[in-house]
Structures are given as C-alpha cells and as structure tokens.
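This report concerns only the one structure given below.
Residue numbers (our numbering): 83 to 532.
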C-alpha cells in the first residue's frame with residue numbers, strides 16, 4: 083500500500099467518524115478527505131517539484147500548530163475548498179528519523195492538549211483543537227538530488243550526487259473552520275478521545291509481527307505482548323522500524339510507556355487513570371523541567387507517589403536522571419501500585435525468601451521487599467514471572483531490557499480484577515458493555531510456583 087492509498091484510508095476513516103456524529107454525508111462540503119488526499123499524499127511528483135528557492139509559510143499559518151525545529155520547508159499552499167475558511171498544506175524535509183519526528187509530534191500534541199482522533203504507527207496523525215483540524219504524514223522517502231532546500235550535506239556527500247539517500251518528509255494539511263467548534267460538544271459525547279483511533283500500519287498489514295522488523299526471533303512469550311502494545315500505540319520503535327528488544331530501557335521511556343499503557347487500558351475508567359502534570363507545576367526534579375517532553379508523565383508519577391522522592395531533599399537538588407536504565411526492583415516499585423490499587427502490606431526479608439525462594443533475596447533493597455512480595459501474590463500474572471520467566475535469582479539491581487519492560491506492561495491488575503493489552507484491542511475492534519465488577523477478565527492463574 084503506497085502513501086497515497088494510506089492517506090486516502092485515513093481521510094475516509096475520519097469522514098466516517100465525523101459523519102457518524104454529525105449526520106454529514108461523506109463529509110460533503112467540508113473538504114475533509116479529498117483535500118487531505120490531494121494536499122498531503124507524498125507522490126514522487128510532489129517531492130520532485132519542491133521549490134528550489136527559500137520557502138516561507140503563509141503569514142496566516144496558525145501559530146498553534148507545532149513545527150519540527152530541524153526541518154526545512156519545501157513548499158506551502160493555500161487550497162481552494164468549498165465552505166472552508168482556511169485550508170493550508172505544507173511540506174518539510176529533515177535528516178532526522180521518522181521515529182524522532184513522530185515522537186516530537188506525539189509529545190507536542192499531548193502537551194498542547196490536541197485531541198488525537200487518529201494515530202498510526204506509520205507516522206500519521208489526525209488531530210483537532212478548537213477550530214483547527216490537522217492531518218500529518220511523516221514518511222521516509224528518497225529526496226531528488228536537485229532539491230536544494232533539503233537538509234544540508236557536504237558537497238561530495240551522497241546527498242549531492244545523482245542518487246540521494248532517504249530523508250524524512252513531513253506533509254501537513256490543516257483546515258480552519260468555525261464548524262469544528264460547534265462539533266466539539268458532539269465529538270466529546272460520542273468519541274472516547276482518551277483512546278485515539280488506531281489506523282493499522284502498512285507494516286502491520288503485511289507483517290504479522292506488528293511492524294517492528296527485529297522481533298521475529300523473540301520467543302512467543304516476549305513477541306506477543308510487544309505486538310499487542312505496539313498495536314495499541316503505547317510503545318514505540320527505538321530506531322526507525324526497529325524495536326531493539328535487547329537494549330536497556332531508560333527511566334524516562336519506561337515512565338512514558340507506563341503512563342500511556344495504564345491510561346489506554348483504563349480509557350473508560352477515569353478513576354484509574356494517571357492525570358498528566360500541568361506545565362505550570364513546580365518541577366519535582368531539577369533535571370526534568372517543564373520544557374522536557376516527558377515532564378507531564380514523570381512529574382505525574384512523582385505527584386501520585388509512584389516514583390519515590392526524598393522529602394528531605396529540596397526540589398532544586400533532587401534529580402531523576404531520566405536517561406539512566408531502570409532496574410528490576412525499580413520496575414516493580416513503579417508498577418505494583420497500579421496492579422494492587424490498595425495499600426501494599428509491609429514485608430521483611432524472611433517473608434520474601436519463603437515466598438520466592440530467591441538465592442539472592444538479601445540483595446533486594448529494604449524499600450523494594452514489599453513490592454516483590456506483592457508481585458508473588460499475583461501468581462502467573464506476576465511481573466517477575468511474565469518478564470523474566472522462571473528464575474531462582476532475582477538480580478534486583480540488574481537493568482531491564484525494552485522487551486522485558488513491555489511484557490510487564492502488557493497486563494495491569496490482579497487475577498480477579500485486571501486488564502491486558504489484548505483485552506483493550508478486542509474492545510477497540512468490537513464494542514462491549516460498560517465494565518461491571520463481574521465483567522472483568524476471567525483469568526485463572528496457575529498455583530504460584532516460582
């Protein structure tokens with residue numbers, strides 16, 4: 083499926099959503115759909131015809147729309163569309179990867195409180211805020227050698243030869259229409275905007291391993307949870323299309339996955355969601371200022387007590403060290419409270435030894451003992467068993483891989499009251515009744531046997 087077909091699919095799906103809410107007939111007269119396809123789809127002609135002179139955005143280009151700072155504008159146009167006050171398209175190129183650009187926009191749309199209507203793993207977004215509707219496509223395409231507005235490269239580099247390497251192209255179109263304001267109330271009532279519709283990626287359709295190109299050799303116990311979470315859109319590739327399952331996961335990354343997955347699984351239960359921190363909050367950590375893209379989630383975890391902080395240390399001295407790896411016992415410290423949803427009983431070293439029988443129980447830090455014991459009581463749904471398999475060594479200070487972290491996040495809750503990523507995917511595909519205490523997933527764990 084080429085990008086034109088993909089954008090057509092996205093625009094049609096968006097029209098169906100709006101039509102189902104407003105009674106509009108195939109978005110007639112709105113310009114949504116046909117203009118998205120014509121303005122954004124990156125055909126070879128579009129790329130080749132990018133202007134060789136310096137480009138500037140129209141003076142009326144909305145300042146509310148985030149622009150990738152390392153991108154070079156190639157082209158921008160007004161598009162004539164019936165009944166639309168403003169309909170503008172723009173095309174940028176950057177040397178950065180698709181995953182870098184996608185993360186920037188994902189973070190920016192979240193921080194600026196855009197409503198994410200559609201989001202696909204391939205780098206496509208449809209978002210709305212007030213009277214603005216933005217459609218964005220991020221793709222890696224071959225840039226013609228005579229495109230002078232491409233990212234700078236040395237004179238004799240491949241970028242200046244007859245065959246150019248791939249660059250990341252950002253195609254954006256937005257509509258400004260007061261009608262979108264009047265639709266907001268109806269959209270809020272009919273769309274669960276905390277759960278953006280997921281458009282299957284091209285890679286998902288052609289590869290049953292969900293688009294990540296480097297997880298085929300993983301065991302089913304690792305591959306299946308990663309696949310489910312990728313389809314939910316709560317975990318991301320590390321480099322382009324590669325998940326890098328054996329790389330260590332950073333603290334900031336685990337925090338982001340933890341909050342995104344929890345809130346996605348409990349999209350219909352606001353009382354179980356973690357509320358993102360406001361940008362005006364006083365930072366808990368000196369190295370996570372409000373300008374940090376992960377400030378909303380890291381600050382939120384600290385605010386609710388999931389990231390332990392020492393109250394005796396002033397905020398100006400307290401550090402999070404976001405790029406450090408996360409240890410096994412730290413993974414449990416952050417995750418177990420979201421499984422138990424109640425006060426976690428105290429534990430001592432002897433009780434942990436009796437429960438788990440770990441040879442290295444004495445290496446577990448005192449603060450982590452209660453989390454390790456609580457995890458044991460989850461049976462076969464324990465994070466330790468699911469992430470690390472059978473083991474007689476916990477290795478509490480050992481750093482966690484991206485694959486292990488993803489597996490831990492596949493399920494939240496206890497055997498009697500919990501949700502998995504698979505449950506969330508099934509509920510997305512097939513509407514189900516509102517959850518009740520008796521409609522929780524029925525999971526019968528095996529008798530605990532470490």
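Note that beta-carbon positions come from the ideal geometry of N, C-alpha and C, so glycine has one too.
Inter-residue spacing [alpha-carbon to alpha-carbon] between residue i and residue j
i, j, result
"residue 241", "residue 489", "Note on residue 241: pLDDT 39, under 50, position unreliable in the model; no value is reported."
"residue 422", "residue 459", "10 Å"
"residue 150", "residue 176", "9 Å"
"residue 418", "residue 495", "8 Å"
"residue 190", "residue 431", "45 Å"
"residue 468", "residue 201", "29 Å"
"residue 302", "residue 343", "20 Å"
"residue 363", "residue 193", "13 Å"
"residue 493", "residue 220", "31 Å"
"residue 406", "residue 160", "46 Å"
"residue 424", "residue 497", "15 Å"
"residue 295", "residue 186", "22 Å"
"residue 463", "residue 491", "11 Å"
"residue 387", "residue 380", "11 Å"
"residue 448", "residue 438", "16 Å"
"residue 370", "residue 335", "13 Å"
"residue 506", "residue 256", "31 Å"
"residue 446", "residue 435", "11 Å"
"residue 141", "residue 254", "16 Å"
"residue 297", "residue 313", "14 Å"
"residue 182", "residue 501", "30 Å"
"residue 444", "residue 152", "49 Å"
"residue 222", "residue 252", "9 Å"
"residue 457", "residue 465", "7 Å"
Cutoff 8 Å; reference residue i; Cβ partners in own chain excluding five residues on either side
i, result
"residue 400", "366, 367, 368, 391, 392"
"residue 442", "475, 476, 477, 478"
"residue 300", "308, 327, 485"
"residue 143", "158, 170, 172"
"residue 324", "294, 295, 296"
Close-in-space but distant-in-sequence residues of the same chain around residue i (CB under 7 Å, 5 per side omitted)
i, result
"residue 450", "411, 414, 415, 478"
"residue 427", "452"
"residue 354", "348"
"residue 337", "376, 379, 380, 383"
"residue 508", "none"
"residue 197", "209, 210, 211, 275"
Contact belief for residue i with residue j at Cβ below 8 Å, rounded distance in angstroms
i, j, result
"residue 404", "residue 332", "7 Å"
"residue 311", "residue 482", "With a Cβ gap of about 15 Å, residue 311 and residue 482 do not count as contacting."
"residue 385", "residue 359", "6 Å"
"residue 179", "residue 322", "5 Å"
"residue 339", "residue 317", "5 Å"
"residue 218", "residue 206", "7 Å"
Run of the beta strand (DSSP E) containing residue i, from where it starts to where it stops
i, result
"residue 501", "500-502"
"residue 157", "154-160"
"residue 348", "That residue, residue 348, is in no beta strand (DSSP E); it is neither H nor E in DSSP."
CB contact check: residue i to chain B, cutoff 8 Å
i, result
"residue 504", "Within the model displayed, chain B is absent; a lone protein chain is all it includes."
For residue i, the residue or residues it bridges with in DSSP
i, result
"residue 324", "321"
"residue 197", "210"
"residue 216", "209, 256"
"residue 181", "For residue 181, which the question treats as bridged, DSSP gives no partner whatsoever."
"residue 169", "257"
"residue 407", "332"
"residue 221", "251"
"residue 363", "The partner list for residue 363 (beta bridge, DSSP) is empty, contrary to what the question assumes."
"residue 174", "155, 252"
"residue 202", "206"
"residue 342", "Residue 342 is not bridged to any residue."
"residue 483", "330"
Alpha helix (DSSP H) segment containing residue i, residue limits
i, result
"residue 421", "410-422"
"residue 470", "465-470"
"residue 494", "From DSSP, residue 494 is part of no alpha helix (DSSP H) but of the beta strand (DSSP E) over 493-495."
"residue 457", "451-458"
"residue 313", "302-314"
"residue 385", "377-385"
"residue 435", "431-438"
Same chain, Cβ closer than 6 Å to residue i, five either side skipped, listed in chain order
i, result
"residue 282", "Bear in mind that a pLDDT of 42 at residue 282, under 50, signals an unreliable position, so the number given afterwards is only what the model happens to contain. There are no such residues."
"residue 148", "190"
"residue 155", "137, 174"
"residue 24", "Not covered by the structure: residue 24. The range shown for the chain is 83 to 532."
"residue 208", "96, 199, 200, 217"
"residue 139", "158"
"residue 429", "451, 452, 455"
"residue 389", "383"
"residue 480", "410"
Check: residue i C-beta below 7 Å from any heavy atom of the ligand SAH
i, result
"residue 321", "This structure simply doesn't include the ligand SAH, nor any ligand for that matter."
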